[in-house]
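S.K.: If you're matching positions, the sequence shown starts at 361 in my numbering and goes up one per residue.
C-beta: ideal position from N, C-alpha, C; glycine also.
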Amino acid sequence: MTAGARAIWYDAGMRRDNVILVGFMGAGKSVCGRLLARRLGRCFVETDEMIAAVEGRSIPEIFRDAGETRFRQLEADTLESLKLKSGDVIATGGGTPCREGRPMLDGRTLAEIEELYRSRQPYYRRAHITIDTTGIGADQVVARILSALREAHAVRA
Ligand code: S3P
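Rendered as structure tokens:
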């Protein structure tokens with residue numbers, strides 16, 4: 361998982377004092393983001409949750425009923441509204457920083473998932489901090505994010 365991806369969002373007009381988690385599906389962005397926010401005493405927001413709340417249906421339902429193009433539009437609208445956020449911890453969807461298609465792992469072969477992962481890595485790598493979450497729990501991931509943020513003087517807590 362990659363965190364504190366301020367460079368990615370700076371161009372997109374996001375405020376630089378947010379901590380934004382980006383990474384592939386299943387990296388632990390939601391669980392770790394929630395924990396991190398609690399540790400920092402900050403608000404936690406999740407782009408997928410915002411989209412589902414606005415639409416009144418789940419992300420899989422949006423994909424099924426309205427299609428991916430519509431989902432990506434909703435994702436873009438959500439990013440627009442996030443420009444108002446300041447000092448929050450924000451968990452994004454796996455495709456948010458990439459702004460290109462091929463979502464959801466359902467019905468994909470392992471080779472296709474690996475290919476999707478590879479194609480997205482350049483976007484994830486643009487984050488200021490990268491945490492390899494392989495084999496470690498959410499608490500440890502959050503501890504590593506926190507110490508990296510402190511080292512970068514990105515947080516005071
Ligand atoms: C997507 C990842 C999902 C969700 C949507 C598309 C993607 O979020 O935004 O299903 O394109 O990688 P998670 O990364 O939280 O699973």
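If we require 3 or more residues per run, which beta strand (DSSP E) segments fall completely within the segment 448-517?
M.R.: Counting only runs of 3 or more, we get 449-451.
S.K.: What does DSSP give as the partner residues of F404 in its beta bridges?
M.R.: In DSSP, F404 forms a bridge with V449.
S.K.: Does the distance between the C-beta of S390 and the nearest non-hydrogen atom of the ligand S3P fall short of 7 angstroms?
M.R.: Yes - the ligand S3P has a heavy atom lying nearer than 7 angstroms to the Cβ of S390.
S.K.: Quick check: V502 and L395, are their CB atoms within less than 8 angstroms of each other?
M.R.: Cβ atoms of V502 and L395: closer than 8 angstroms.
S.K.: Using only the heavy atoms of the ligand S3P, determine whether one of them is closer than 7 angstroms to the beta carbon of G454.
M.R.: At least one heavy atom of the ligand S3P is nearer than 7 angstroms to the Cβ of G454, so yes.
S.K.: Can you give me the Cβ contacts of R418 inside the same chain, cut-off strictly under 8 angstroms, excluding the 5 residues immediately before and after it?
M.R.: Per the sequence shown, the amino acid found at residue 418 is Ser instead of Arg. Contacts found: A412.
S.K.: For L396, which three-state DSSP category applies?
M.R.: Reduced to three states, the DSSP call for L396 is helix.
S.K.: I'd like the list of long-range same chain contacts for G373, defined as Cβ closer than 8 angstroms, with 5 residues on each side in sequence excluded.
M.R.: Counting only Cβ-Cβ distances below 8 angstroms, and skipping sequence neighbours, we find K443.
S.K.: At the level of alpha carbons, what is the spacing between F431 and E421?
M.R.: Distance between the alpha carbons of F431 and E421: 10 angstroms.
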